[in-house]
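In the numbering used here, the protein residues as written are 72 to 530. Heads up: the structure comes next, in structure tokens.
Next up, the structure:
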């Protein structure tokens, strides 16, 4: 082997170990970078030649910068982030609903129902009393106001959720565009030597975010591009191309999610997990169910009280009319009849024209009558069951989110054990590569001295 060849070997070793030191330095520098995947230099021999009975290696080079990566763990993390997005969206909105329907501070429907029935009992004891009549109208107006307030706030929440869905679709499109662009960079720069590691880290980070928003499936093809689909098999990303999503107003005036190039074909039912799935469930199922329960309660209250009120007589001896406005039977519209508000003497408290308070007592007796759930529940029973259902939904959502968060922490810990940076390990690698670099430098010095000696002998 010539002196020049030996110098080349020393040079290659210097450069290779310098690259390894740089890679290690990059790992150390990114120890706190979210989503960073640890890298490792892979050394290989440059070549060899036969000399005598053996072979002599020509040196070393860094063949590739390997990304220390477990694809299966990463896939699990993305799947788990879908569940976190779903349960977190439900948890946040259910906690808002719990605040809306707060019955712990008084003046809620439960409390006002009791005051409403008590006011009828008070009126039955003094059927001609103006104070009792005005008090009854006042507490009823408070009760109907809370009905309307609860219902209105639930509708407002639906609208807010609807706006959130639209904003998330914009985020999805931005993520899809970024992934498609990164696919292009990866396929164009792929040499198998680690040239795309940074792009892959960035892509994984975006895919994780995307998975938290919408249910996806994906696979990486031979070129390194990540192809992403929703559950019905329709493509979101194919190599360097992506298909944008959009929102379209449906017959309920809320947004359906569609592919931008396929208007009229909603894909809501194909989204079963992720943040959007949670929001769709809150908007289209949970809140609708809660509003339906409030509407049932309001409609039954209007019907039962009006029926009994029409059987009585007012202070002028006239048959009673409607106590509640019979045209407004939803929780969003319920209110005292305008004639009663204008003249409290039209309240039909008497069972006869003689001015007794028995009809007011009959109406007060509705407190204990089984008029809801096919004759199995009183008004208070029905409402208490409804509030209990809301509480159970909130509790379940909290526990589901906590469970999914715990699972994510375990998966993240697994990923860190494989792909994360350990300062202790990197320092050991740094010492190893520095030792190799120093040895290569000494080899340079030694070979140079030998060459000088040979030149001296020749001279």
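Here a beta-carbon is modelled for each residue, glycine too, at the ideal position from N, C-alpha and C.
Check	Outcome
Separation of residue 267 from residue 299, as counted between CA atoms	19 Å
The stretch 380-391 contacting the stretch 323-330, beta-carbon criterion three pairs below 8 Å	no
Ordered list of alpha helix (DSSP H) runs contained in the stretch 324-410, each at least 4 residues	346-352, 358-380
For residue 316, the nearest candidate out of 130, 135, 337, 368 (CA to CA)	337
Where the alpha helix (DSSP H) containing residue 134 begins and where it ends	Element bounds for residue 134: not the alpha helix (DSSP H) but the beta strand (DSSP E), 131-138.
Assigned exposure category for residue 422 - 16 Cβ within 10 Å defines buried	buried
Proximal residues to residue 239 (C-beta, below 7 Å), its chain only, five neighbours per side dropped	284, 346, 347
Beta-carbon proximity of residue 405 to residue 215, cut-off 7 Å	yes
For residue 288: DSSP bridge partner residues	300
Contacting residues, own chain, Cβ-Cβ under 7 Å from residue 339 (five flanking each side not counted)	327, 328, 351
Which of helix, strand or coil DSSP assigns to residue 318	strand
Rounded separation between residue 472 and residue 304 - CA only	28 Å
Residue 293 (DSSP reduced to helix, strand or coil)	coil
Coil, strand or helix - residue 72 by DSSP	For residue 72, the predicted structure reports a pLDDT of 49, less than 50, and the residue's modelled location is therefore unreliable. A value from the coordinates is still provided. Coil, per DSSP.
Cβ-Cβ distance between residue 198 and residue 428 below 7 Å	yes
Cross-strand partners of residue 113 (DSSP beta bridge)	135
Pairwise C-alpha distance: residue 514 and residue 261	34 Å
Whole-Å CB distance - residue 468 paired with residue 162, under 8 Å assumed	4 Å
Candidates 254, 412, 517, of which the one nearest residue 275 by Cα	254
Rounded separation between residue 179 and residue 217 - CA only	7 Å
Neighbourhood of residue 380 by C-beta distance below 6 Å, restricted to the same chain and skipping five residues each side	391, 394, 419
Collapsed DSSP secondary structure at residue 465 in the structure displayed	helix
Option nearest residue 279 by Cα separation, candidates 494, 144, 416	144
Alpha helix (DSSP H) runs wholly inside the stretch 410-481, at least 4 long, in chain order	429-435
Sheet register partners of residue 308 (DSSP bridge)	299, 313
Neighbourhood of residue 402 by C-beta distance below 6 Å, restricted to the same chain and skipping five residues each side	218, 222, 365, 366, 369
Rounded Cβ spacing between residue 246 and residue 277 (contact assumed at less than 8 Å)	5 Å
Start-to-end residues for the alpha helix (DSSP H) that takes in residue 157	142-171
Which listed residue (318, 416, 134, 330) has its alpha carbon closest to that of residue 308	330
Exposed unless 16 or more other CB atoms sit within 10 angstroms - verdict on residue 417	buried
Cα-Cα separation between residue 91 and residue 231, rounded to whole angstroms	52 Å
Proximity below 7 Å, CB of residue 63 to CB of residue 85	Given a span of 72 to 530 for the chain in the structure shown, any question on residue 63 remains unanswerable.
Euclidean distance between Cα positions of residue 448 and residue 440	8 Å
Residue environment, residue 521, which counts as buried when at least 16 other CB atoms sit within 10 Å	exposed
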